[in-house]
Amino acid sequence: MDIEFSASYEAFLAERRAELLSRIAEAAARVGRSADEVEVLAVSKTVGPEEVVLAWQAGYRRFGENRPQELTRKRTALAQVEGLPEIPFDMIGNLQKNKINQVLGNVRLIHSVSSPHLAEAISKRAEARGITVSVLLEVNVSGEGSKSGFVPHEVLAAAEDLVKLGGISVEGVMTMAPAHDADAARKTFSGLRELRDELRVVTGLPLDVLSCGMSDDFSIAVEEGSTLVRLGRIVFDQGYKLS
342 MDIEFSASYE
352 AFLAERRAEL
362 LSRIAEAAAR
372 VGRSADEVEV
382 LAVSKTVGPE
392 EVVLAWQAGY
402 RRFGENRPQE
412 LTRKRTALAQ
422 VEGLPEIPFD
432 MIGNLQKNKI
442 NQVLGNVRLI
452 HSVSSPHLAE
462 AISKRAEARG
472 ITVSVLLEVN
482 VSGEGSKSGF
492 VPHEVLAAAE
502 DLVKLGGISV
512 EGVMTMAPAH
522 DADAARKTFS
532 GLRELRDELR
542 VVTGLPLDVL
552 SCGMSDDFSI
562 AVEEGSTLVR
572 LGRIVFDQGY
582 KLS
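All residue numbers for the sequence shown refer to the numbering used here, where the first residue is 342 and numbers rise by one.
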């Protein structure tokens with residue numbers, strides 16, 4: 342990546358970040374929330390390590406990957422950058438059991454614990470390594486067949502057993518909304534918030550993390566209580582136009 346492009350791209354990233362933070366603040370204010378309650382996760386799955394470095398320099402402080410092998414590749418490349426601190430990543434994509442070891446100890450948070458079997462597998466391997474892994478329970482609130490995750494009534498039934506597993510700490514819940522449908526997105530996000538409130542009663546845990554909202558619907562998610570929005574194209578793609 343040449344110096345001239347790096348400077349112009351970093352300027353774009355910084356300007357876009359300011360615009361996004363402003364929109365998050367506006368959405369939060371509409372429902373009496375503080376923007377400080379919402380964290381931005383820059384989803385870096387479509388860009389390279391160089392763009393991650395520039396995004397870090399532009400002010401982003403948390404990144405997300407959806408494939409363990411790409412996570413490993415980026416972490417390896419970034420470790421070679423002199424003077425760069427260790428950049429925190431989350432795992433946001435579907436996690437296969439045979440890829441768990443690539444993720445453990447290398448991410449702040451796994452967003453996609455979508456079944457009791459996956460939770461148990463993570464628990465077993467984390468315990469074997471003597472570590473505790475922070476996770477979110479992925480819930481298919483919208484009921485779309487194309488989406489993975491617990492069905493809401495299933496996660497309520499399994500919650501007590503899930504939070505007793507060693508080696509994992511359940512920090513909250515995650516969902517994805519139907520694309521290009523604002524009404525369905527709002528219903529999905531409010532449904533996740535209400536489910537989280539039920540899970541708090543069942544588990545006795547604070548479950549502070551509500552991970553929902555992406556490039557096309559993050560303002561709605563913030564209005565409905567999201568504490569962590571996952572933004573990819575809108576962060577990194579210069580061709581993505583803010584409406």
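Virtual Cβ for every residue (Gly too), placed ideally from N, Cα, C.
Identity of the residue in 426, 394, 385, 560 nearest residue 348 by Cα: 394
With burial defined as no fewer than 16 other Cβ atoms inside 10 Å of the residue's Cβ, what is the status of residue 377: buried or exposed? exposed
Cβ of residue 477 within 8 angstroms of Cβ of residue 503? no
Measure the C-alpha to C-alpha separation of residue 462 and residue 552 and round it to an integer number of angstroms. 22 angstroms
Could you check which residue in 490, 409, 559, 537 has the C-alpha nearest to that of residue 521? 559
When the Cα of residue 444 is compared with those of 407, 581, 538, which residue comes out closest? 407
Cβ of residue 409 less than 8 angstroms from any chain C Cβ? The structure shown contains no chain C, having only a single protein chain.
Quick one, are the C-beta atoms of residue 510 and residue 489 less than 8 angstroms apart? no
Going by the CB atoms, is the gap between residue 359 and residue 572 shorter than 8 angstroms? no
Limits of the beta strand (DSSP E) - the one that residue 520 falls within: First-last for residue 520: undefined, no H or E at that position.
Under 8 angstroms, with one C-beta from each stretch per pair, do the region 416-430 and the region 456-475 reach the 3-pair mark? no
Residue 440 to residue 409 span [Cα, whole Å]: 7 angstroms
Express the C-alpha separation of residue 388 and residue 371 in angstroms, rounding to a whole number. 33 angstroms
Please look up how many angstroms separate the CB atoms of residue 474 and residue 481, rounded, as I've assumed it's under 8 angstroms. Going by Cβ atoms, the distance from residue 474 to residue 481 rounds to 22 angstroms, so no, they are not a contact pair.
Among 507, 532, 550, the one whose alpha carbon lies nearest that of residue 452: 550
Going by other Cβ atoms of all chains shown within 10 Å of its Cβ, with 16 needed for buried, is residue 365 buried or exposed? buried
Residue burial classification, residue 539 (beta-carbon count within 10 angstroms, cutoff 16): exposed
With the cut-off set at 8 angstroms, would you say residue 561 and residue 523 are in Cβ contact? yes
Whole beta strand (DSSP E) runs in the region 403-463 with 3 or more residues, listed along the chain? 404-406, 430-432, 450-454
What separation, rounded to the nearest whole angstrom, lies between the Cα atoms of residue 566 and residue 534? 7 angstroms
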